[in-house]
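This note's numbering puts the sequence shown at residues 1 to 362. Built from N, CA and C at the ideal position, the CB exists for glycine as well. Structure record follows, encoded as structure tokens.
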Amino acid sequence: MSSYQIAVIPGDGVGAEVAAEAVKTLRTVADKYGFKVKMAKFDWGCDYYLRNRIMMPANALELLQEFDAIFLGCIGDANKVPDHISLTLLIAIRKGFDQYINLRPIKLYPGVESPVKTATPETVDMVVVRENTEGEYAAAGGFFKLGTPDAFALQTGVFTQKGCERAMRYAFEFARKRKKFGKKVPVGMVTNCTKSNALNYSMVFWDSVYKKVAAEYPDVKTDMALVDAITMWFVKNPEYFDVIVASNLFGDIITDLGAMLQGGMGFAAGGNINPERIYPSMFEPIHGSAPKYAGKAIVNPIAAIESIRMMLDHLGEGRAALDIQEAVVKTLTLGKVKTADMGGKNRTHEMGDAIRKAVLRK
Ligand code: IPM
Ligand code: MG
């Protein structure tokens, strides 16, 4: 019997509520498919910071290293700790465990309404492969002459050959095996999200690496679009996209728009992946911690449950993963249970329960 050790970091705000639904769903499929899951919870986050003046213990990565995967609820509560401090937890794990891919599927499920008019289940099915360890998030820079009229800040992007290449290779491999809209598309396509018209070093370099990697995948269509234009095309023609490879910051920005295409932040999940599996990968809903909704049990747990689906895929439990997805689709198609973001009155756990019931009914 396979057995997995999962670290759970509920985090701040609504983190505990969505993590509870994620954990229950993981238990449900584990029982159904007969694999074991051992979970350990870590109470790291802003409250931990208020007690200890650090977001997580100094040996956090050592502790996490023992696990097969990590589930993260969400981090941040600006009333307690400034965001640029609290979010070091997230970034430290991404970088420390070399989770150099941030995989963000964007799919609009039937029964979900997107605020974007062009978005329908027939038009929205794409994946963003976001570089997750360097680029604009390299934390290279400094403050200078602070407190004087000549004060300035520098924030330098770092784009390495290795860093760009491995993200692009992952995107091309992914496009090869991905089945858009469940069908085998004859050719996958990787859109290079760039800004080389203005960023004359970093993005010109990024483009050159894209070209080099693309040449190794003649069976995959190449494509490129400037990041600003991508935001326009996401809205105008979402059906055009298949796989998009983007730098850290650009990937961050376009996936919030992507979340709107898929019905809102309550649906968007992501995986911070170390493809070589030297370190554990971390799965999280991409929504924030929404402290104002915390404790009210009103947020949508689907993004968290979808993160568990991605985790199971990563762990090689593909059937259980598919089961979750089908249960989510069934629940949404039926349309009887709707959380506040969907215009309904159901509570967080009611949506979770409905999905788990659908898993068990199959
Ligand atoms: C995300 C978030 C993070 C990021 C923040 C919270 C640091 O926006 O995962 O998309 O910018 O990567
Ligand atoms: Mg973001």
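Review point. Do three or more CB pairs link the region 140-157 to the region 123-131 at distances below 8 Å?
Key: No, because fewer than three Cβ pairs between the region 140-157 and the region 123-131 fall closer than 8 Å, the two stretches do not touch.
Check your understanding: How should M1 be labelled, buried or exposed, when 16 other C-beta atoms within 10 angstroms of its C-beta is the threshold for buried?
Key -> exposed
Check your understanding: Between the C-alpha atoms of V213 and G163, what's the straight-line distance to the nearest angstrom?
Key -> 12 Å
**Study point:** Which residues DSSP lists as bridging T156, in chain order
**Key:** A140
Review point. Between which two residues does the alpha helix (DSSP H) carrying T231 extend?
Key: 227-236
Point to revise | C-beta atoms of D323 and G264 nearer than 9 Å | key: no
Exercise for review: With a threshold of 16 other CB atoms inside 10 Å of the CB of P110, please say whether the residue is buried or exposed.
Suggested key: exposed
**Study point:** Residues near V299 in its chain [Cβ-Cβ closer than 6 Å; skip 5 each side]
**Key:** Excluding its 5 nearest sequence neighbours in each direction, V299 has C-beta neighbours in its own chain below 6 Å: V14, Y293, T348, listed in chain order.
Check your understanding: How many whole angstroms separate the CB atoms of I273 and I101, which I take to be in contact at a CB cut-off of 8 Å?
Key -> So it is a contact: roughly 4 Å between Cβ atoms.
Check your understanding: Counting only runs that start and end within the region 275-349, where is the beta strand (DSSP E) found for 3 or more residues in a row?
Key -> Whole beta strand (DSSP E) segments, 3+ residues: 281-285.
**Study point:** beta-carbon N102 near the ligand IPM non-hydrogen atom, thresh 8 Å
**Key:** Answer for N102: yes, Cβ within range of the ligand IPM.
Practice item. Measure the C-alpha to C-alpha separation of Q325 and M55 and round it to an integer number of angstroms. Key: 33 Å
Check your understanding: Three-state secondary structure (DSSP) at F71?
Key -> strand
Check your understanding: Any heavy atom of the ligand IPM closer than 8 Å to the CB of T255?
Key -> In this structure, T255 has its CB closer than 8 Å to one or more heavy atoms of the ligand IPM.
Review point. Does the beta-carbon distance from S289 to G76 come in below 9 Å?
Key: yes
Exercise for review: Can you check DSSP and say which residues form a bridge with S208?
Suggested key: According to DSSP, which records beta bridges pairwise, S208 is partnered with nothing at all.
**Study point:** Residues of its chain near F205, where Cβ-Cβ distance is below 6 Å and the 5 sequence neighbours each way are ignored
**Key:** Excluding residues up to 5 positions away in sequence, F159 lie with their Cβ nearer than 6 Å to the Cβ of F205 in the same chain.
**Study point:** Any non-hydrogen atom of the ligand MG within 8 Å of D252 CB
**Key:** In this structure, the C-beta of D252 approaches the ligand MG to less than 8 Å from one of its heavy atoms.
Review point. In three-state terms, what does DSSP make of K41?
Key: Correct three-state label for K41: strand.
Review point. Cβ of I230 within 8 Å of any heavy atom in the ligand MG?
Key: Every heavy atom of the ligand MG is 8 Å or more from the Cβ of I230, so no.
Exercise for review: Report yes if the C-beta of N346 is less than 8 Å from at least one heavy atom of the ligand ADP; otherwise report no.
Suggested key: Ligands present in the displayed structure are limited to the ligand IPM and the ligand MG, and the ligand ADP is not among them.
Exercise for review: Grab the span of the alpha helix (DSSP H) containing V127 for me, first residue to last.
Suggested key: Where V127 is concerned, there is no enclosing alpha helix (DSSP H), although the beta strand (DSSP E) it sits in stretches over 125-131.
Check your understanding: Does the distance from the CB of A7 to the CB of F67 come in under 9 Å?
Key -> Yes, the Cβ-Cβ distance between A7 and F67 is below 9 Å.
Exercise for review: Return the Cβ separation of P285 and A303 in integer angstroms, given the expectation that the two are a contact with Cβ distance under 8 Å.
Suggested key: 3 Å
Check your understanding: Mapping DSSP to helix, strand and coil, what is M56?
Key -> Here M56 sits in coil by DSSP.
Practice item. Could you pull out every residue in the same chain whose Cβ sits closer than 7 Å to the Cβ of K330, ignoring the five residues on either side in sequence? Key: A358
Review point. Should the region 226-238 be called in touch with the region 81-96, which here means at least 3 C-beta pairs below 8 Å?
Key: no
Check your understanding: Taking C-alpha atoms, which residue in I355, G142, R130 lies nearest to G251?
Key -> R130
Practice item. Indicate, with yes or no, if the ligand MG has a heavy atom lying under 8 Å from the CB of I286. Key: yes
Review point. Does the ligand IPM have even one heavy atom less than 8 Å from the beta-carbon of Y49?
Key: no
Check your understanding: Hey, how far is the Cα of L108 from the Cα of L154?
Key -> 39 Å
Review point. If you measure from the CB of V217, is any heavy atom of the ligand IPM nearer than 8 Å?
Key: At residue 217 the sequence reads Tyr, which differs from the Val that was named. In this structure, the ligand IPM has no non-hydrogen atom nearer than 8 Å to the beta-carbon of Y217.
Check your understanding: Under 8 Å from any heavy atom of the ligand IPM, does the C-beta of G135 make it?
Key -> no
Practice item. With a cut-off of 8 Å on the beta carbons, I'd call M232 and T191 a contact; round off their distance for me. Key: With 8 Å as the limit, M232 and T191 do not qualify as a contact, their Cβ atoms being about 13 Å apart.
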